[in-house]
Amino acid sequence: MQPDLELVHIRKGESFAAWMHGYPFRTVRWHYHPEYEIHLVNATSGTFYIGDHVGAFAPGQLIMTGPNLPQNWISDIQPGEIVPLRSLVIQFPEAFIEDACAAMPEMEALRPLLDRSRRGILFDDATSARIRPLVERLIEAQGIRRLALFWEILDILAEARDYEVLASLSFELDLSKINDSGINRALTYLREHLTEQIEEAELAAMVGQSQSAFSRAFKRHTGTTLVRYRNQLRVDLACQMLLADPGSKVAEICYEVGFSNLSNFNRHFLKLKGISPSQFRATFAAQKAAVIAD
1073 MQPDLELVHI RKGESFAAWM HGYPFRTVRW HYHPEYEIHL VNATSGTFYI GDHVGAFAPG
1133 QLIMTGPNLP QNWISDIQPG EIVPLRSLVI QFPEAFIEDA CAAMPEMEAL RPLLDRSRRG
1193 ILFDDATSAR IRPLVERLIE AQGIRRLALF WEILDILAEA RDYEVLASLS FELDLSKIND
1253 SGINRALTYL REHLTEQIEE AELAAMVGQS QSAFSRAFKR HTGTTLVRYR NQLRVDLACQ
1313 MLLADPGSKV AEICYEVGFS NLSNFNRHFL KLKGISPSQF RATFAAQKAA VIAD
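When you line the sequence shown up against my numbering, it's residues 1073 to 1366, in that order.
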């Protein structure tokens, strides 16, 4: 089965994405993306897939994957069960890290880590325990502090000596066939223009299909319509922004992610997340306070 392309949205003015999500979630499927990823499991156990590797995961599992390496984590939960916080995630573009390596000779120390990650790296529990508080702080950090935490995390991973490389040497994803898929080309365009008003007819013309044929293909690929899929991506982006900047106004975030009015944004947020944007922010703030108190 061919993996789906995941749309990784990096906010304007930032070099990488740092966020968290629950389970079930839209990215929980067999997928790939051009970005590097650091994935830390917070809750649940289940089965994970990295390239041609299959294994069991549990809370605390820490994995780094390289660009375009197919992956998935499937949690064993009861039907209808919802887990508020399943994973902590950092995603960063290959161009960003390569430009840093070219500009700063010291960054070449990361090269072995980056090379190994192209097959997936599973780190030991001790490394995971060191990384977790840094990732939690990174998700909420801004400015230079955000960059400092990011480089500290990569430095710890680069120095780790107890790890397992996952996918086999023979595994290779044939991107030529996958990227030629009309839907994946449309998804890439959607990712790059997420906050703009893109019509289905525009995407259909771009991939050379009629609007009705494109609509059917899109729904088979994503399980939903273009409008609903785009709204979900925008709400997911809004969640990242709500957590990253506790002082930002909900109305500002609404317009920044592409919604045209606040009431529409609130309605879609409530429908997709089960709570309002303000309640979402307050819930995670309370959870963080409880963790600190413990």
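Each residue gets a CB set at the ideal place from its N, CA and C atoms; glycine is no exception.
Identify which residue in the options has its Cα closest to the Cα of residue i.
i	options	result
PRO1205	ALA1273, VAL1113 and ASP1308	VAL1113
SER1159	ARG1302, ARG1292 and ARG1098	ARG1098
ALA1323	ALA1273, ALA1276, ALA1167 and ASN1338	ASN1338
PHE1286	THR1296, GLU1272 and VAL1299	GLU1272
ASN1144	ASP1076, GLU1153, LEU1309 and VAL1207	ASP1076
TYR1095	ALA1354, LYS1345 and ILE1162	LYS1345
LEU1241	ALA1174, SER1189, THR1199 and ALA1289	SER1189
SER1087	ARG1183, ARG1218 and HIS1103	ARG1218
Tell me where the alpha helix (DSSP H) around residue i begins and ends.
i	result
ASP1263	The question names Asp, yet the displayed sequence has Arg at residue 1263. 1254-1264 is the span of the alpha helix (DSSP H), which, as asked, contains ARG1263.
LEU1314	1298-1316
TRP1223	1215-1231
GLU1170	1166-1175
VAL1100	Counting along the chain, VAL1100 falls outside any alpha helix (DSSP H), and DSSP gives it neither H nor E.
Can you find the residues in the same chain that come closer than 8 Å, C-beta to C-beta, to residue i, ignoring five residues on each side of it along the sequence?
i	result
ASN1333	CYS1326
LEU1238	ILE1122, GLY1123, HIS1125, GLY1127, ILE1135, ARG1191, GLY1192, ILE1193 and LEU1194
LEU1186	TYR1108, GLY1138 and ILE1169
GLU1236	ILE1193 and LEU1194
GLU1342	At residue 1342 the sequence reads Leu, which differs from the Glu that was named. Here the set comprises SER1348.
GLN1281	GLY1254 and ALA1289
ASP1315	In the sequence as displayed, the identity of residue 1315 is Leu instead of Asp. So the qualifying residues of the chain are TRP1091, MET1092, ILE1211, GLU1212, ARG1353 and PHE1356.
Could you tell me the boundaries of the beta strand (DSSP E) in which residue i lies?
i	result
ARG1188	No beta strand (DSSP E) contains ARG1188, which is instead part of the alpha helix (DSSP H) from 1183-1189.
LEU1141	Here LEU1141 belongs to no beta strand (DSSP E), and DSSP marks it neither H nor E.
Going by beta carbon distance, what residues of the same chain come within less than 6 Å of residue i, once the five residues before and after it are set aside?
i	result
ALA1258	LEU1275 and VAL1279
PRO1165	GLU1107
THR1294	TYR1301
LEU1298	GLU1272 and PHE1290
Please list, in chain order, all residues of the same chain as residue i whose beta carbon is under 7 Å from its beta carbon, the five residues on each side excluded.
i	result
ARG1306	LEU1266, VAL1329, GLY1330 and PHE1331
I believe residue i touches residue j by the beta-carbon criterion, under 8 Å. Please report the beta-carbon distance rounded to the nearest angstrom.
i	j	result
VAL1207	ILE1225	7 Å
ALA1089	GLN1150	Not quite, the Cβ-Cβ distance comes to about 30 Å (not below 8 Å), so this is no contact.
VAL1100	ILE1146	7 Å
Could I get the ranges of all uninterrupted beta strand (DSSP E) runs contained in the region 1319-1350, with 3 residues as the minimum, in chain order? For the region 1319-1350, not a single whole beta strand (DSSP E) run of length 3 or above is found.
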